[in-house]
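Read through the structure below, which is laid out as structure tokens, and then see the notes.
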């Protein structure tokens, strides 16, 4: 299935003196990769354990950023003492699937004399929060302002994305904003939360849940519905803190979408549905540009020139997107998958895209820093 | 900022680690200090146990120029942490330091309508609650001092 090419081990001590979990991870990784005779840049997969009390979420991105890595596959394996073994077969599966070629699997811990009373000892807590930078909005306001300064994009260009989401939500009775359309003026009239972001350009947090079942293609053909096939997938993690983003106007979805579409042998223009993660309007703007549908800086004109409704020339987020449907926390990303499946099964009553056969689905996490793209297709 | 000053704020302070403590100690003394890797000669921020460029553990502290370029900025009207409401709106920015690394900080003493990407910045030090933070203002050319 796969082979283990490098090992690293730290000498156990009863007590560490001023160590951090991230530092212990870094040394363990350095030893294993050196033992494998590989360069740091050859490692394109990362599997880590949970860091309860230190880093509540986004552990893989936190570790990747600390190590200066930008993996194509990253995950937490949270199986207690089975985590190590669990990492190895998961690494093998990722390599077999063509998602990456060399995976470092790492678990490490400190045992300090005085564990800090306040949990949350990660770099975001230390170098962002004290400057008044808490919460997700800032990490999207900063790329948005950069885009405006660099390309001259205007508030109405972004607001139009939110207006389309609200429009599409009118055809989805499940959407939180069903019955509440909003045009460009209304979006621009909503309060500024963190410049240049208006309130209506930000998802409404809701409670909810989403789930999908994945089987082999052969198995799917014997089941109830038209199978929706996974034709391509790509993933990329570039950073954790917005201050460490390699670019503010292009994200890891660029690489993730390119890989997914290359695997599927299609381009973005072939898609019947663009089911694009839309936590904020800037997210859709950057995704359209990174997908190659328009030039860098050109999303405003593209959105103005196209019809993003289910009956338009470029259907985008026919369920209303998260901007129209609501963001049920992490399940928000899965709504884009669920809607794509409905469309490809031709079961999206009241908003069916004619002849829907191909969909591009994107997921985004943290600060435009965790990206996964899927190409889904039906016969 | 209005009646409440930054030093009055009761806000989450940084929790230094053994590795990062020199950064915060230097800030308290009005100096911006960063690690520099002795193996690959590149500068590092935020402080770490290993160089993120080459993974060498041989990092040494040096004083940085304090100069940087504004990458982007945002005026926070609704802070994520309620303790910052007292000084909202305030401006958070990403600064590309002359030495290479980028950091998040506060922008001070620049009018909202003067702000644009690529402004040249210089560090200054401000007390926020119990800590001294490196923040950034315009890097004014020497001619203006005449």
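Protein chains in written order, with my numbering: chain S, 1355 to 1733; chain A, 8 to 153. Heads up, the beta-carbon is just placed ideally off N, CA and C, and yes, glycines get one too.
Measure from the C-beta of residue i to each C-beta in chain S and report whether the shortest distance is under 8 Å.
i: residue 20 of chain A; result: yes
i: residue 138 of chain A; result: yes
i: residue 9 of chain A; result: Note that residue 9 of chain A scores 47 on pLDDT, short of 50, meaning its location in the model is unreliable; the coordinates nonetheless yield the value given after this. No - not a single Cβ of chain S is within 8 Å of the one on residue 9 of chain A.
i: residue 75 of chain A; result: no
i: residue 87 of chain A; result: yes
i: residue 83 of chain A; result: yes
i: residue 109 of chain A; result: yes
i: residue 24 of chain A; result: yes
i: residue 35 of chain A; result: no
i: residue 55 of chain A; result: yes
i: residue 146 of chain A; result: no
i: residue 38 of chain A; result: no
i: residue 153 of chain A; result: Caution is warranted here: a pLDDT of 46 is assigned to residue 153 of chain A, below 50, making its placement in the model unreliable, and no coordinate value can be reported.
i: residue 127 of chain A; result: no
i: residue 131 of chain A; result: no
i: residue 72 of chain A; result: no
i: residue 50 of chain A; result: no
If we cut at 8 Å on Cβ distances, does residue i have a partner in chain A?
i: residue 1462 of chain S; result: no
i: residue 1683 of chain S; result: no
i: residue 1369 of chain S; result: no
i: residue 1496 of chain S; result: yes
i: residue 1590 of chain S; result: no
i: residue 1734 of chain S; result: Since the first and last residues shown for chain S are 1355 and 1733, residue 1734 of chain S lies out of range.
i: residue 1483 of chain S; result: yes
i: residue 1420 of chain S; result: yes
i: residue 1730 of chain S; result: no
i: residue 1492 of chain S; result: yes
i: residue 1619 of chain S; result: no
i: residue 1539 of chain S; result: no
Comparing C-alpha positions only, which one of the options sits nearest to residue i?
i: residue 1712 of chain S; options: S:1367, S:1620, S:1543; result: S:1620
i: residue 40 of chain A; options: A:106, A:99, A:70, A:115; result: A:70
i: residue 81 of chain A; options: A:68, A:88, A:95, A:89; result: A:95
i: residue 1634 of chain S; options: S:1676, S:1665, S:1417, S:1444; result: S:1676
i: residue 1465 of chain S; options: S:1573, S:1533, S:1372; result: S:1372
i: residue 1419 of chain S; options: S:1379, S:1444, S:1661; result: S:1379
i: residue 1543 of chain S; options: S:1530, S:1514, S:1447; result: S:1514
i: residue 1548 of chain S; options: A:26, A:108, A:79, A:56; result: A:79
i: residue 1718 of chain S; options: S:1407, S:1573, S:1683, S:1448; result: S:1683
i: residue 1644 of chain S; options: S:1616, S:1461, S:1604; result: S:1604
i: residue 1450 of chain S; options: S:1468, S:1495, S:1356, S:1576; result: S:1356
Are the CB atoms of residue j and residue i within a distance shorter than 8 Å?
i: residue 136 of chain A; j: residue 102 of chain A; result: no
i: residue 1727 of chain S; j: residue 1715 of chain S; result: yes
i: residue 1541 of chain S; j: residue 1517 of chain S; result: yes
i: residue 1404 of chain S; j: residue 1387 of chain S; result: no
i: residue 1415 of chain S; j: residue 1659 of chain S; result: no
i: residue 1375 of chain S; j: residue 1463 of chain S; result: yes
i: residue 1529 of chain S; j: residue 1680 of chain S; result: yes
i: residue 1550 of chain S; j: residue 1509 of chain S; result: yes
i: residue 1390 of chain S; j: residue 1360 of chain S; result: yes
i: residue 62 of chain A; j: residue 1594 of chain S; result: no
i: residue 1743 of chain S; j: residue 1653 of chain S; result: Since the first and last residues shown for chain S are 1355 and 1733, residue 1743 of chain S lies out of range.
i: residue 1546 of chain S; j: residue 84 of chain A; result: yes
i: residue 57 of chain A; j: residue 1381 of chain S; result: yes
i: residue 116 of chain A; j: residue 145 of chain A; result: yes
i: residue 1582 of chain S; j: residue 1695 of chain S; result: yes
i: residue 1597 of chain S; j: residue 111 of chain A; result: yes
i: residue 99 of chain A; j: residue 1489 of chain S; result: no
i: residue 1618 of chain S; j: residue 1729 of chain S; result: yes
i: residue 142 of chain A; j: residue 1503 of chain S; result: no
i: residue 1422 of chain S; j: residue 59 of chain A; result: yes
i: residue 27 of chain A; j: residue 54 of chain A; result: yes
Would the beta-carbon of residue i be found less than 7 Å away from any heavy atom of the ligand ZN?
i: residue 1700 of chain S; result: Only the bare structure without any ligand can be found here, which leaves the ligand ZN out of the picture.
Give a yes or no on contact between the region 1630-1649 of chain S and the region 1595-1609 of chain S, applying the rule of three or more CB pairs nearer than 8 Å.
These segments touch.
Fully enclosed by the region 1636-1721 of chain S, which beta strand (DSSP E) runs are 3 residues long or longer?
If only uninterrupted beta strand (DSSP E) runs of at least 3 residues are considered, those enclosed by the region 1636-1721 of chain S are 1712-1719.
Could you say if the region 1683-1694 of chain S and the region 1556-1566 of chain S meet the contact criterion of at least three C-beta pairs nearer than 8 Å?
Yes, the region 1683-1694 of chain S is in contact with the region 1556-1566 of chain S.
Alpha helix (DSSP H) runs contained entirely in the region 1542-1593 of chain S, provided each spans 4 or more residues
Counting only runs of 4 or more, we get 1571-1575.
With three or more beta-carbon pairs closer than 8 Å as the criterion, would you say the region 44-63 of chain A touches the region 1358-1368 of chain S?
Fewer than three beta-carbon pairs drawn from the region 44-63 of chain A and the region 1358-1368 of chain S are found closer than 8 Å, and the two stretches are therefore not classed as touching.
Whole beta strand (DSSP E) runs in the region 28-70 of chain A with 3 or more residues, listed along the chain?
The qualifying runs are 40-44, 66-70.
Are the region 1622-1636 of chain S and the region 1663-1671 of chain S touching by the rule of at least three beta carbon pairs closer than 8 Å?
The region 1622-1636 of chain S and the region 1663-1671 of chain S touch, with no fewer than 3 CB-CB distances between them shorter than 8 Å.
Residue ranges of each alpha helix (DSSP H) within the region 1426-1479 of chain S, 4 or longer
Runs found: 1437-1450.
Within the chosen definition, does the region 1394-1407 of chain S reach the region 1455-1470 of chain S through at least 3 CB pairs nearer than 8 Å?
Taking 8 Å as the limit for Cβ pairs, the verdict is that the region 1455-1470 of chain S does touch the region 1394-1407 of chain S.
Determine contact between the region 1473-1487 of chain S and the region 19-27 of chain A, defined as no fewer than three beta-carbon pairs at a distance below 8 Å.
Touching, per the Cβ criterion.
Decide yes or no for the touch test of the region 1417-1437 of chain S against the region 1575-1591 of chain S: beta carbon pairs closer than 8 Å, at least 3 of them.
Contact between the region 1417-1437 of chain S and the region 1575-1591 of chain S is established, with three or more Cβ pairs separated by less than 8 Å.
Does the region 126-141 of chain A come close enough to the region 1527-1535 of chain S that 3 or more CB-CB pairs lie under 8 Å?
Cβ pair count under 8 Å is below three, so no.
At which residue ranges does the region 80-135 of chain A contain complete beta strand (DSSP E) runs of 3 or more residues, listed in the order of the chain?
Counting only runs of 3 or more, we get 97-104, 109-114, 127-135.
Near-chain D residues of the region 1651-1679 of chain S - C-beta to any C-beta below 8 Å
Among the protein chains of the structure shown, namely S and A, there is no chain D.
What residue ranges within the region 1596-1639 of chain S form continuous alpha helix (DSSP H) runs of no fewer than 4 residues, ordered along the chain?
With a minimum length of 4 residues, the continuous alpha helix (DSSP H) runs that stay inside the region 1596-1639 of chain S are 1607-1618.
Minimum length 4: unbroken alpha helix (DSSP H) runs contained in the region 1367-1401 of chain S
Runs found: 1375-1389.
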